[in-house]
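Numbering (the numbering used here), first residue to last: 1342 to 1732. Data first, discussion second: the structure below is written as structure tokens.
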Ligand SMILES: Nc1ncnc2c1ncn2[C@@H]1O[C@H](COP(=O)(O)OP(=O)(O)OP(=O)(O)O)[C@@H](O)[C@H]1O
Ligand SMILES: [Mg+2]
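Structure, rendered in structure tokens:
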């Protein structure tokens, strides 16, 4: 079928044709939105966690769209190693502040802009295109310490937003990459927001790998109570069906039931796989009904894409010692977490500490994470199958 009309969207952060299985999350966000819009009151922030390819980035994008529609101040950015957290945040915030300011005829955002300017100066962030006459706010966000200055900034933004009748939404992707001190600063600021009464309308959604909650907890002892933790998991059968069926129905195409079963079994509910499978079946089929043959051909094709795009490059980047550990994890766990002690004995090592170097390196590379102390698991779904097929 015509690839130009292909509705499926495999990739990183690409909005799928149907955002399946996330209705309850959007319903909950609507409560947050209404509380802010109707009462000017904020709520407990969210931490979204999930494996690679479950749809974290896409969700942040949707929340951003909803908030921008409401005229909120929105900052969405991705934490990157070797990049300053403060600078990424300020850059993301700046364009939204500029837009909000244009609508702010009464100058209610003036003070917040001055505090924002202090923040950029105090954090040595280089030049943001302000008018020269905008004075930094003396004594606010000027300590040079991220936790203090970020707190001042968010509190001031929250007050300004409330006076205008809007909210502030901070969306942080790949939060597991932040330094512990940056996580601590963010939590300190949100803790302060939570203590205002009524709570200021500043809402944070941080997204990251499943290691994120314990990283946040080691950065601040109260992080466990500060946030609502939500896990994004694979889609159940009904939702996975919807993800494959609805986009094609809209184009007058349908699935033979057996063909659909093959595609669903191949994708195992993983949002990224569903897009990859849907795309390949579409491109290889004649239509207007996808047959078993189309599905078989398409899923093979999709598997090749996933191998090339998701697994091969990660495997190639691992050193021989890291590959040994990955192989043991695949053999012992088959996709589930495994105790490092068990991995060590499977590899003929005397103790778990003999694996600490490759373990730490693999965690840094983002290939594995520790679901709990002393346990390792893959961050990429299906990686174990790929590894077991390697020589
Ligand atoms: N709810 C969903 N229904 C159907 N497809 C989805 C859904 N969520 C995401 N996808 C698709 O899954 C793929 C991965 O999405 P996304 O990049 O948001 O994942 P991620 O969790 O951010 O991954 P990573 O950890 O690698 O950054 C995209 O192709 C996207 O279109
Ligand atoms: Mg992502």
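All C-beta atoms in this analysis are idealised placements derived from N, C-alpha and C, irrespective of residue type, glycine included.
When secondary structure is reduced to three states using DSSP, residue 1419 falls in the strand class. Within the same chain, 1417, 1512, 1514, 1546 and 1548 come within 7 Å of residue 1401 by CB-CB distance, once the 5 residues on both sides are set aside. Not one heavy atom of ligand 2 is found less than 6 Å from the C-beta of residue 1390. For residue 1514, the enclosing beta strand (DSSP E) covers residues 1509-1514. Here residue 1488 is buried, its C-beta having at least 16 other C-beta atoms within 10 Å. A direct Cα-Cα distance of roughly 12 Å separates residue 1592 from residue 1344.
Under the three-state reduction of DSSP, residue 1730 is assigned to coil, being neither helix nor strand. In this structure, the straight-line span from the alpha carbon of residue 1469 to that of residue 1607 is close to 49 Å. Sequence-distant partners of residue 1623 (beyond 5 residues in either direction) whose C-beta falls short of 6 Å from its own C-beta, in its chain, are 1342 and 1347. In the three-state reduction of the DSSP assignment, residue 1540 falls in the coil class. Taking 4 residues as the shortest admissible run, the stretch 1424-1485 contains the following complete alpha helix (DSSP H) segments, listed from N- to C-terminal end: 1426-1443 and 1451-1463. The beta carbon of residue 1395 lies closer than 6 Å to those of 1573 and 1612 in the same chain, with the five residues before and after it left out. Boundaries of the alpha helix (DSSP H) around residue 1656: 1654-1657.
DSSP places residue 1595 within a strand segment (E or B) once states are collapsed to three. The beta carbon of residue 1405 is closer than 8 Å to those of 1415, 1417, 1510 and 1512 in its chain, skipping five residues each way along the sequence. Positions of the alpha helix (DSSP H) runs, each at least 4 residues long and wholly inside the stretch 1622-1648, are given as 1633-1647 in order along the chain. Shown here, residue 1721 sits in coil according to DSSP, grouped into three states, outside any helix or strand. Residue pairing by DSSP places residue 1492 opposite no residue, since no beta bridge is assigned to it. C-alpha of residue 1353 to C-alpha of residue 1366: approximately 20 Å in a straight line. Close CB contacts of residue 1429 within its chain, under the 8 Å cut and outside five residues either way in sequence, are with 1418, 1419, 1420 and 1421 (chain order).
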